[in-house]
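Here's the structure we're looking at; comments come further down.
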Amino acid sequence: MKPISAYAKERLNQIIDHYQTLTTPLMMILSDFQKEFGYVPLEVQEIISKRLEIPVAEIYGIVTFYSMFSLKPKGKYVIGICLGTACYVQAAQQIANRLEEILGIKPGQTTSDGLFTIDILRCLGACALAPVMVINGKILPHVKVNDLQRIIDEYVRKEALAYESAH
Amino acid sequence: MNRLTNVQDLKNALAQAKQDYQKLLNGGKVVFVCGDTGCLASHSQEVKEKLDELVNAEGLQDNIKIMYAGCFGLCSQGPFVKVYPEGTLYRLVKPSDATLIFEKDLKGFGIVESLVFKNPNDGTIYAKQEDIPFYQKQKAIAMADFAPIEPDNIDHYMGIGGYEALCRVLETKTGEDVISIALDSGLRGRGGGGYPTGVKWRYARMQQDPQKYLICNLDEGDPGAFMDRAIAERTPHIILEGMMIAAYGIGAIRGFIYVRAEYPTASLRLQQAIDLLRTKGLLGQRILGTEFSFDIEIRVGAGAFVCGEETALMASIEGKRGMPRSKPPFPAVKGLWGHPTIINNVETFANLPYIFRPGGLEAYKAIGTEKSKGTKVFSLAGKIKNVGLVEVPMGTTLRELIFDIGGGIEKGKKFKAIQTGGPSGGCLTEEDLDTPIDFDNLIARGSMMGSGGAIVMDEDNCMVDVAKFYLEFICDESCGKCSPCRIGTTRMKEILDKIASGTAVMSDLDTLKELAIFIKDASLCGLGQTAPNPVLSTLTKFYDEYKAHIIDKTCPAKVCKDLIQYRINPDTCKKCGICAIHCPVNCISGVRGKEAYVIDQMACIKCGTCLSSCPFDVIRKV
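Note that the protein sequences, when read in sequence, are chains A and B.
Under the working numbering, the first residue of the first sequence is numbered 1, with each subsequent residue one higher.
Under the working numbering, the first residue of the second sequence is numbered 168, with each subsequent residue one higher.
The following block contains the structure:
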């Protein structure tokens with residue numbers, strides 16, 4: 001895997017400094033880094049290990065235990081599909097299936113162009129809007145199977161335009 | 168408001184805040200826009216911005232105040248806008264409606280009739296919140312009367328009587344008094360177990376260890392439950408006040424709020440409230456000059472359902488994998504970092520300010536049933552008209568909850584079941600509808616109160632599929648420490664997969680039951696011990712549905728993919744070909760305008776796209 005950038009390293013050290021006074025700062029450090037950079041690779045775990053004097057094996061154990069932490073970078077657009085009970089009884093599974101077909105990936109995977117990742121979520125607490133889906137933190141209410149292709153196409157078009165204007 | 172240095176300061180601040188809040192509501196126009204996660208997702212932020220823009224453009228910002236408020240409860244009708252001094256409640260407000268509200272209501276030309284509640288049957292208009300049938304059988308203690316207050320505004324919270332209970336406790340009560348009041352109130356833990364709160368506190372208080380901890384469990388993992396999130400987002404201070412009272416009672420010096428990662432807004436608002444309390448001198452060393460010292464920190468989870476279990480939650484705060492350990496020792500004796508620790512649910516804390524307020528104890532005891540006092544917040548969701556948060560006195564019947572408050576089933580369908588208690592609970596059916604809701608009744612009926620998730624299902628939901636859903640959830644979330652849960656639930660899921668695909672035999676049901684009983688008996692923690700409940704409960708109450716899958720190879724609700732086919736009625740097909748255009752696997756053929764379309768059953772992936780895209784409704788599941 002590509003080494004993390006100098007900026008990410010600097011931010012990591014800042015995050016560690018920020019939480020170091022807590023009795024057990026590990027989870028908060030991992031959460032913040034994950035939120036900002038979308039993954040917590042081994043390199044990051046090694047730096048945390050040295051600074052907090054916690055064995056890498058233990059940190060790796062934690063990173064792989066909790067579903068929010070990811071060892072690999074996620075796509076530019078992370079699409080979360082809620083499969084909480086309220087969404088499930090409103091046929092959210094069909095939405096997940098259809099999205100997997102459109103993007104050609106399984107939950108947890110990222111498309112080869114690095115654009116999309118599918119995540120399965122267990123309840124966002126927005127049950128009145130079921131079924132819901134989240135794209136980079138933005139909640140889309142009352143999603144329909146037939147809307148998915150259009151939603152994805154919009155993002156793809158946006159990316160293509162951005163690419164054209166950049167070149 | 169400045170730093171408060173003694174109890175008298177707090178008293179003065181409370182009196183002032185109450186006056187100011189009344190003045191605010193009864194003065195010029197004040198607009199509250201719902202700022203809850205749900206309404207924000209339905210563009211309430213744009214509504215507020217548009218209103219701000221209109222008001223500023225005409226230079227009216229001194230006469231018309233616009234602010235966010237917390238959840239109004241009736242989430243399926245959001246976004247909400249409430250306008251004072253009249254107290255008019257508008258629903259389903261779109262950003263484009265802002266101009267209408269501004270030009271008419273805010274300029275004093277009366278209410279906007281098209282945006283208030285209307286009874287669909289007789290056209291009666293309900294302009295005020297309290298008149299709407301949804302609110303009439305409710306009693307809002309944890310939801311603080313559904314009062315409109317700005318979530319991050321401590322003065323508003325004090326304005327509705329907040330911190331009065333803390334003031335009274337600090338001034339006139341000892342720690343021992345707090346424990347006896349909690350015991351006397353009959354308050355039982357709202358996280359699901361229903362263990363008497365006062366009893367748990369007394370254990371912790373009795374411990375000699377001077378280092379005691381208090382934890383608020385906001386790891387609301389039950390999928391389909393969102394009352395804890397809403398309480399934290401609408402009134403973060405009610406949780407903090409409750410925690411301070413509890414800490415005073417048990418002698419805790421540090422508190423933690425464990426928030427699940429999916430709730431960023433809740434943790435942000437709690438953090439803002441904590442910071443504010445610190446600057447005011449209500450958290451920290453020797454609070455208001457008394458002997459009481461207490462501080463609160465927020466810890467964010469990282470996506471693990473099992474962390475709602477108390478020993479797993481503590482492991483997570485300690486920076487370890489969130490795996491439960493066996494009890495005893497109970498956390499009240501040996502908890503966080505080996506010290507006595509009390510863990511209570513958000514809603515339990517949110518009940519305390521009411522109980523400890525002057526006159527609150529007697530009022531509280533008068534609500535509810537003999538063994539379950541007070542109220543319970545439910546998040547009603549699924550196939551119900553009024554999806555949202557409801558808080559009802561214990562003893563309310565399920566019928567009242569679902570039909571009077573919830574408005575009945577969506578689209579005129581037939582009620583089938585209500586699932587309570589999430590992955591640990593069970594289903595209640597038609598015959599349970601007149602059961603008064605309390606901790607013990609629900610258990611006697613084969614379900615449980617749980618944290619308050621209440622998912623309503625109609626005739627289109629397959630109970631085998633629902634049971635499978637919960638088991639898949641548990642298989643995903645089992646921490647893997649003990650084998651009954653880790654391996655047993657996977658074996659159960661395999662059997663359910665067989666049933667759902669029509670390949671099971673009747674003896675599989677016996678194996679399923681045997682496994683379920685074994686897992687209940689032998690699992691280490693509450694997650695495993697209750698994991699088979701959704702299966703056992705659906706198996707008892709919907710045995711015929713299981714049988715239909717196994718013997719007739721049919722899914723009566725037409726959900727289980729392997730047992731259904733999509734068919735186009737050749738006689739009524741309008742030959743438009745829209746289904747064929749939408750079909751993702753191109754398995755529908757026909758000739759546009761000439762020949763009816765037909766689905767190739769061997770190629771069909773049963774995604775249902777054709778059915779939802781057919782403009783003439785001629786496609787059926789059989």
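C-beta: ideal position from N, C-alpha, C; glycine also.
Given the structure is predicted, the values throughout are model-derived calculations rather than measurements.
Let me check one thing: in DSSP terms, what residues is residue i bridge-paired to?
| i | result |
| --- | --- |
| T117(A) | V78(A), T110(A) |
| D377(B) | Residue identity differs from the one stated: residue 377(B) is Pro in this sequence, not Asp. Paired residues: none, contrary to the question. |
| I585(B) | L595(B), V623(B) |
| C383(B) | I424(B), N511(B) |
| Y733(B) | K788(B) |
| I231(B) | K196(B) |
| K295(B) | T255(B) |
| K201(B) | The sequence shown places Cys at residue 201(B), rather than the Lys named in the question. Answer is A236(B), bridged to C201(B). |
| T564(B) | P603(B) |
| P363(B) | R355(B) |
| V765(B) | S756(B) |
| G535(B) | K540(B) |
| M558(B) | The sequence as given places Glu at residue 558(B); Met does not occur at that position. V544(B). |
Which residue comes first and which comes last in the alpha helix (DSSP H) that contains residue i?
| i | result |
| --- | --- |
| E663(B) | At residue 663(B) the sequence reads Leu, which differs from the Glu that was named. Looking at the DSSP string, the run of the alpha helix (DSSP H) that includes L663(B) is 650-668. |
| S618(B) | No alpha helix (DSSP H) contains S618(B), which DSSP labels as neither H nor E. |
| M133(A) | First-last for M133(A): 133-135, but that is the beta strand (DSSP E), not the alpha helix (DSSP H). |
| Y710(B) | 710-714 |
| V40(A) | Looking at the DSSP string, V40(A) is not in any alpha helix (DSSP H), and its letter there is neither H nor E. |
| C746(B) | 745-749 |
| H18(A) | 6-19 |
| E577(B) | E577(B) -> no alpha helix (DSSP H), and no H or E assigned at all. |
For the beta strand (DSSP E) holding residue i, just list the boundary residues, first then last.
| i | result |
| --- | --- |
| D462(B) | 462-467 |
| G757(B) | 755-758 |
| F545(B) | 542-549 |
| K138(A) | 138-140 |
| G326(B) | First-last for G326(B): 321-326, but that is the alpha helix (DSSP H), not the beta strand (DSSP E). |
For residue i, tell me which candidate among the options has the shortest Cα-Cα distance.
| i | options | result |
| --- | --- | --- |
| H142(A) | L129(A), S70(A), I152(A) | L129(A) |
| A698(B) | G549(B), G592(B), D767(B) | G592(B) |
| A309(B) | C206(B), D719(B), I327(B) | I327(B) |
| D599(B) | V557(B), L181(B), S704(B) | S704(B) |
| L71(A) | V78(A), Y77(A), V63(A) | V63(A) |
| C201(B) | R427(B), L241(B), N173(B), N223(B) | L241(B) |
| E537(B) | K340(B), M561(B), V174(B), V554(B) | M561(B) |
| N123(B) | R759(B), I766(B), E762(B) | Any answer about residue 123(B) is impossible in this case: the structure gives chain B only from 168 up to 789. |
| L350(B) | I522(B), G647(B), T721(B) | I522(B) |
| V672(B) | R759(B), T657(B), H716(B), S460(B) | H716(B) |
| D389(B) | V134(A), I152(A), L124(A), E159(A) | L124(A) |
| N628(B) | E597(B), P363(B), A397(B), K725(B) | K725(B) |
| A667(B) | M624(B), P723(B), S614(B) | P723(B) |
| F65(A) | L449(B), S211(B), G468(B) | G468(B) |
| P525(B) | K761(B), A634(B), T339(B) | T339(B) |
| D322(B) | S263(B), K261(B), P403(B) | P403(B) |
| R427(B) | C238(B), D386(B), A392(B), L449(B) | D386(B) |
| D677(B) | A689(B), S650(B), P651(B), Y713(B) | Y713(B) |
Would residue i pass as a contact of residue j if the rule is Cβ separation under 9 Å?
| i | j | result |
| --- | --- | --- |
| V89(A) | K550(B) | yes |
| V250(B) | V214(B) | no |
| P3(A) | E43(A) | yes |
| T587(B) | F545(B) | yes |
| P318(B) | A236(B) | yes |
| E331(B) | L181(B) | yes |
| I509(B) | I463(B) | no |
| V336(B) | Y415(B) | yes |
| F284(B) | I292(B) | yes |
| I348(B) | Y188(B) | no |
| T21(A) | E485(B) | no |
| K708(B) | M630(B) | yes |
| V790(B) | F269(B) | Residue coverage of chain B in this structure runs from 168 to 789, which leaves residue 790(B) outside it and unanswerable. |
| Y764(B) | I755(B) | yes |
| A126(A) | T204(B) | yes |
| I604(B) | T670(B) | no |
| A96(A) | I81(A) | yes |
| T111(A) | G75(A) | yes |
Uninterrupted alpha helix (DSSP H) stretches inside the segment 384-451 of chain B (no shorter than 4 residues): Every unbroken stretch of the alpha helix (DSSP H) spanning 4 or more residues and falling wholly within the segment 384-451 of chain B is given here in chain order: 394-401, 403-417, 431-447.
Ranges of the alpha helix (DSSP H) found wholly within the segment 214-293 of chain B, counting only runs of at least 4: Runs of the alpha helix (DSSP H) inside the segment 214-293 of chain B: 265-268.
Which ranges does the beta strand (DSSP E) cover as unbroken runs of at least 3 residues, wholly within the segment 480-524 of chain B, from first to last along the chain? The segment 480-524 of chain B contains these whole beta strand (DSSP E) runs: 508-512.
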